[in-house]
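Novice:
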Amino acid sequence: MRIDVNAFLGGYPFAKVPGTSPGDLLAAMDRVGIDEAWVTHLPGLFWRDPTAGNAWLYETCRSSPRLHPVPAVHPGLANWPDVLREAVAQRVPAIRCDPCYFALAPSGPEMIALAAAAGAAGRPVLLAVRLEDARQRHPHDVTPELPAAAVRALVRSSPAARFVVTHADRGFIEEVHFGSTPDEARRIWWDISWIWGPPEEHLATVLRTIGPERFVFGTGQPLRLPEAAIAKLDLLDIAPEQRAAIESANARAAGNGATP
Amino acid sequence: MLIDVHAHFFPERSPRPDWRAYNASRLRAGERIGITVHVTSTLGTFGLTSPTYFPSPADVVYGNDFTIALQREHGVRIRGYACVNPNYQDHATAEIARGRAAGMIGVKLAASRRADDPLLDPICEAAQQHRLPILQHIWQGRRRDWPGQEASDGAELCRLAARHPQVLFILAHVAGGGDWRHTLAVAPAYPNVYLDLSGSGVDGGMLEACLASVGAERLLWGSDITMDTGWAKLRYLQHLLPPADFELVAWKNAARIFPPGSFPSD
Numbered sequence: 363m364r365i366d367v368n369a370f371l372g373g374y375p376f377a378k379v380p381g382t383s384p385g386d387l388l389a390a391m392d393r394v395g396i397d398e399a400w401v402t403h404l405p406g407l408f409w410r411d412p413t414a415g416n417a418w419l420y421e422t423c424r425s426s427p428r429l430h431p432v433p434a435v436h437p438g439l440a441n442w443p444d445v446l447r448e449a450v451a452q453r454v455p456a457i458r459c460d461p462c463y464f465a466l467a468p469s470g471p472e473m474i475a476l477a478a479a480a481g482a483a484g485r486p487v488l489l490a491v492r493l494e495d496a497r498q499r500h501p502h503d504v505t506p507e508l509p510a511a512a513v514r515a516l517v518r519s520s521p522a523a524r525f526v527v528t529h530a531d532r533g534f535i536e537e538v539h540f541g542s543t544p545d546e547a548r549r550i551w552w553d554i555s556w557i558w559g560p561p562e563e564h565l566a567t568v569l570r571t572i573g574p575e576r577f578v579f580g581t582g583q584p585l586r587l588p589e590a591a592i593a594k595l596d597l598l599d600i601a602p603e604q605r606a607a608i609e610s611a612n613a614r615a616a617g618n619g620a621t622p
Numbered sequence: 006m007l008i009d010v011h012a013h014f015f016p017e018r019s020p021r022p023d024w025r026a027y028n029a030s031r032l033r034a035g036e037r038i039g040i041t042v043h044v045t046s047t048l049g050t051f052g053l054t055s056p057t058y059f060p061s062p063a064d065v066v067y068g069n070d071f072t073i074a075l076q077r078e079h080g081v082r083i084r085g086y087a088c089v090n091p092n093y094q095d096h097a098t099a100e101i102a103r104g105r106a107a108g109m110i111g112v113k114l115a116a117s118r119r120a121d122d123p124l125l126d127p128i129c130e131a132a133q134q135h136r137l138p139i140l141q142h143i144w145q146g147r148r149r150d151w152p153g154q155e156a157s158d159g160a161e162l163c164r165l166a167a168r169h170p171q172v173l174f175i176l177a178h179v180a181g182g183g184d185w186r187h188t189l190a191v192a193p194a195y196p197n198v199y200l201d202l203s204g205s206g207v208d209g210g211m212l213e214a215c216l217a218s219v220g221a222e223r224l225l226w227g228s229d230i231t232m233d234t235g236w237a238k239l240r241y242l243q244h245l246l247p248p249a250d251f252e253l254v255a256w257k258n259a260a261r262i263f264p265p266g267s268f269p270s271d
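This is the structure in structure tokens:
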């Protein structure tokens, strides 16, 4: 069983990206052996009201049981508690809020309120550090990357708050993990999509120093080839049970069992 | 058969105290991926005693000596580029000749000078004389200067390639930073420019765009400093390409552009 916690549906505003339809995503999952995916409506992340893509996302996932919706929640919009309640009613594994893309202070009062409420509702907040390599972004794509300090501040803000952080590299992960208490660190899961394999061996290093229980399988597809996350795992020497935890069990734990 | 045209091993005199473990990791991962030959370059001391992209003549010699020793130690498993700094003309051309005599199979130009600078012309003439391809470090679509290097982009390399149509150029790491679309817009018109697919990027649509730009006949597989992303692109190419075209990218194009006898299949 392999669950991708970091997948998108829909077009990307800054570049032509193939394979963004639900059918294309499912075909890519079949190609590389991914059973289920947590999916977000990608164009919505760039809309003034990112939650406007949620209805389509719910409808799409209802007709594709392998896809699990991760809807956007914008805590700067007054109706966000309703959006969160709807997400919980839809049994989502996580809700998504990318403060830098939504032009919110990354650890400001809106984010802190959302983190606490989502935690109380038993749902982690999923955040991306970045969607693209900063060196290649469109000249008009000037969205800052999520700062590590914001993740530290958010996890400290509420004992109920939980997070799945995607597209983080080794330095970011280590800075947050070892800058947090053990209890705080236990409430963060990291996807492996942006962690380098050999010969730098960043993934092997953090699995050894932080532990496999904190890592989940994520690809960033279709913006990134899903083959990359699998290749990283295939280049590791880890016990089968550890790999299974990264590929599915940890995601189930992070999603509070919402993913079947 | 699989040839990695863009590899690096670290020497003892470098900023990495873990250089032995790093090199062992590359070889171990290479075995798992199925790499037959790593074609490597050593950029001086990688910053220890002169800048990585502006290596001093002494560091150039040290780095090339290390590469030559790797070739001797590992036989056909590792082949080398002679890294040179074109600001030291006579030294650079002498290093190319020395490297070729020691079995090196290409020339590596880092970022000591823009790719279209006239100082590169004697390097190209030496490469042509020894029938060596030139691997040129490239920033895809450079929009500003980057610290620590005098980076070139694809358009600048193509200007050099136009001046030296008999020399074969490897445009480094299309997936290694910057906007690869900038490179793909200029490369098709220059048949002596080959694209190396190495780099940490695994963008959706990138490989399709590379194939549409220059075709499988001008793509070379490589990893640079992230072998996991290299393997990912290789796996996706197996899905995208018919077997004959996949073999071109995996090794046959490399076998064609490097000197005869460089690889076990020759």
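Chains A and B, in that order, give the protein sequences.
Residues 363 to 622 in the numbering used here are what the first sequence lists, from first letter to last.
Residues 6 to 271 in the numbering used here are what the second sequence lists, from first letter to last.
Idealized CB from N, CA, C, for every residue including glycine.
According to DSSP, is G153/B part of a helix, a strand, or is it coil?
Specialist: G153/B falls in the coil class under three-state DSSP.
Novice: What did DSSP end up calling E398/A once you bin it into helix, strand or coil?
Specialist: Note: E398/A maps to strand in three-state DSSP.
Novice: So, at 6 Å on beta carbons, what are the nonlocal neighbours of F370/A in its own chain, with the 5 sequence-adjacent residues on each side left out?
Specialist: Same-chain partners within the cutoff: T402, L404.
Novice: Would you give the residue range spanned by the beta strand (DSSP E) that W418/A belongs to?
Specialist: W418/A -> not in any beta strand (DSSP E); alpha helix (DSSP H) instead, spanning 416-425.
Novice: Can you tell me which of V65/B, R147/B, L173/B, P123/B puts its alpha carbon nearest to the alpha carbon of A99/B?
Specialist: The candidate whose alpha carbon is nearest that of A99/B is V65/B.
Novice: With distance defined between alpha-carbon atoms, name the residue in P561/A, F464/A, D366/A, R453/A nearest to D23/B.
Specialist: Checking every option, the nearest Cα to that of D23/B belongs to P561/A.
Novice: Quick one: residues in its chain with C-beta nearer than 6 Å to the C-beta of F376/A, no 5 flanking neighbours on either side, listed in chain order?
Specialist: H500, D503.
Novice: Could you give the first and the last residue of the continuous beta strand (DSSP E) run that contains G111/B?
Specialist: G111/B -> beta strand (DSSP E) spans 111-114.
Novice: Is any beta-carbon of chain D found at less than 8 Å from that of V379/A?
Specialist: Here the protein chains are A and B, and chain D is not one of them.
Novice: Can you tell me which of the three DSSP states F370/A falls into?
Specialist: Correct three-state label for F370/A: strand.
Novice: In this structure, does DSSP put C462/A in helix, strand or coil?
Specialist: In this structure, C462/A counts as coil in the three-state DSSP scheme.
Novice: P560/A touches chain B at which residues, Cβ-Cβ below 8 Å?
Specialist: Within chain B, the residues near P560/A are S30, R31, R33, A34, M232, D233.
Novice: Among all the DSSP beta bridges, which residues are the ones paired with C88/B?
Specialist: In the DSSP output, where bridge partners are listed per residue, C88/B has K113/B.
Novice: Is it a yes or a no for the segment 176-186 of chain B touching the segment 146-160 of chain B, going by three-plus beta-carbon pairs under 8 Å?
Specialist: Enough Cβ pairs lie closer than 8 Å, so yes.
Novice: What residues are listed by DSSP as bridge partners for T45/B?
Specialist: Its beta-bridge partners are A12/B, G85/B.
Novice: List the endpoints of the continuous beta strand (DSSP E) containing Q141/B.
Specialist: Residues 139-141.
Novice: Just the Cα atoms here: how many angstroms apart are P16/B and T567/A?
Specialist: About 22 Å.
Novice: Could you check what DSSP says for P622/A in three-state terms: helix, strand or coil?
Specialist: Unreliable placement is indicated for P622/A, whose pLDDT of 48 sits below 50; no coordinate value is reported for it.
Novice: Between E536/A, A515/A, N612/A, which lies nearest to A469/A when the distance is taken from Cα to Cα?
Specialist: Inspection of the sequence shows that residue 469/A is occupied by Ser rather than by Ala. Ranking the options by Cα distance to S469/A, first place goes to A515/A.
Novice: DSSP three-state label for L569/A, please.
Specialist: It is helical.
Novice: What I want to know is whether the C-beta of F15/B ends up closer than 7 Å to one or more non-hydrogen atoms of the ligand SAH.
Specialist: The ligand SAH is not part of the structure shown, which contains no ligands of any sort.
Novice: Would you say the segment 115-126 of chain B touches the segment 49-61 of chain B, given that touching needs at least three Cβ pairs under 8 Å?
Specialist: The segment 115-126 of chain B, when compared against the segment 49-61 of chain B, does touch it at the 8 Å Cβ threshold.
Novice: Provide the residue(s) that pair with P431/A in DSSP beta bridges, ordered along the chain.
Specialist: BP columns for P431/A point to V401/A.
Novice: Mind listing the chain A neighbours of K257/B? Cutoff is C-beta to C-beta under 9 Å, in chain order.
Specialist: Here the premise fails: no neighbours, minimum Cβ distance about 22 Å.
Novice: Are any of the Cβ atoms in chain A nearer than 8 Å to that of D229/B?
Specialist: No, its Cβ sits nowhere closer than 8 Å to a Cβ of chain A.
Novice: Assign P622/A to one of two classes, buried (16 or more other C-beta atoms within 10 Å of its C-beta) or exposed (fewer than that).
Specialist: For P622/A, the pLDDT reaches just 48, beneath the cut-off of 50, and the residue's location in the model is therefore unreliable, leaving the point undetermined.
Novice: Can the beta-carbon of A160/B be found less than 8 Å from the beta-carbon of V207/B?
Specialist: No. Outside cutoff.
Novice: When you compare only the Cα positions, how much space is there between R428/A and D397/A?
Specialist: Each residue's Cα considered, the two are about 7 Å apart.
Novice: Assuming contact is defined by CB atoms lying nearer than 8 Å, are L189/B and C215/B in contact in what I supplied?
Specialist: Contact: yes.
Novice: For a cutoff of 8 Å on Cβ pairs, would you count A590/A as touching chain B?
Specialist: Yes - at least one Cβ of chain B is within 8 Å of the one on A590/A.
Novice: Locate the alpha helix (DSSP H) running through F165/B, then write down its first and last residues.
Specialist: A small correction: the amino acid at residue 165/B is Leu; Phe does not occupy that position in the sequence shown. From DSSP, the alpha helix (DSSP H) with L165/B extends over 159-168.
Novice: If distances are taken between C-alpha atoms only, which option among V10/B, V172/B, H13/B comes closest to L137/B?
Specialist: The shortest Cα separation from L137/B among V10/B, V172/B, H13/B belongs to V172/B.
Novice: Quick one: does V44/B have its CB under 8 Å from some CB of chain A?
Specialist: So, not an interface residue.
Novice: Starting from I175/B and walking both ways along the beta strand (DSSP E), at which residues does that stretch end?
Specialist: 174-176 is the extent of the beta strand (DSSP E) around I175/B.
Novice: Is the distance from the Cβ of A480/A to the Cβ of H529/A below 8 Å?
Specialist: Their beta carbons are not under 8 Å apart, which means A480/A does not touch H529/A by this criterion.
Novice: Under DSSP, the alpha helix (DSSP H) around H199/B begins and ends at which residues?
Specialist: In the sequence as presented, His is not what sits at residue 199/B; that position holds Tyr. Run containing Y199/B: none in the alpha helix (DSSP H); it sits in the beta strand (DSSP E), 198-201.
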